[in-house]
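Going left to right, the sequence shown walks through residues 0 to 80 as numbering that gives the first Met the number 0 numbers them. Just below is one structure, and these are the notes that go with it.
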Amino acid sequence: MTDCSFCNGVEHSSVLIEGTLCYFMDTGDPILVGGGMILPRAHRETVFDLTKEEWDETQSLLEQAKNMLDDKYAPDGYSVG
Ligand SMILES: [Zn+2]
């Protein structure tokens, strides 16, 4: 899909954790410091289109991202959506 901003607009430098099927990237939001997204490498219309393997890797990346953010920002909590 050529008009997908997630498939076409991700700066490689913003990718913080590389997975096989998915990756975690910093959104670079100056207000929501530490905010990030986990995205599949393959285009998916919605989160409900993720494969079982992508869901599994998303969970793993979420845990790795939490560890990274705990070390860097020591936040009081997380909001996951
Ligand atoms: Zn896409």
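Backbone N, C-alpha and C fix where the C-beta goes; we use that ideal spot for every residue, glycine too.
Asked	Found
Judging by CA-CA distance, which residue of Met36, Phe47 and Pro74 is the nearest neighbour of glutamate 17?	Met36
Give a single yes or no on whether aspartate 42 has its beta carbon closer than 6 Å to a heavy atom of ligand 1.	Sequence inspection shows histidine at residue 42; the aspartate mentioned does not correspond to that position. Histidine 42 Cβ: within cutoff of ligand 1.
What do you reckon, is the C-beta of cysteine 21 under 6 Å from a heavy atom of ligand 1?	no
Let me check one thing: in DSSP terms, what residues is cysteine 3 bridge-paired to?	Looking at the DSSP assignment, cysteine 3 forms no beta bridge with any residue, so it has no partner.
Give the DSSP-derived three-state secondary structure of tyrosine 22 in the structure shown.	strand
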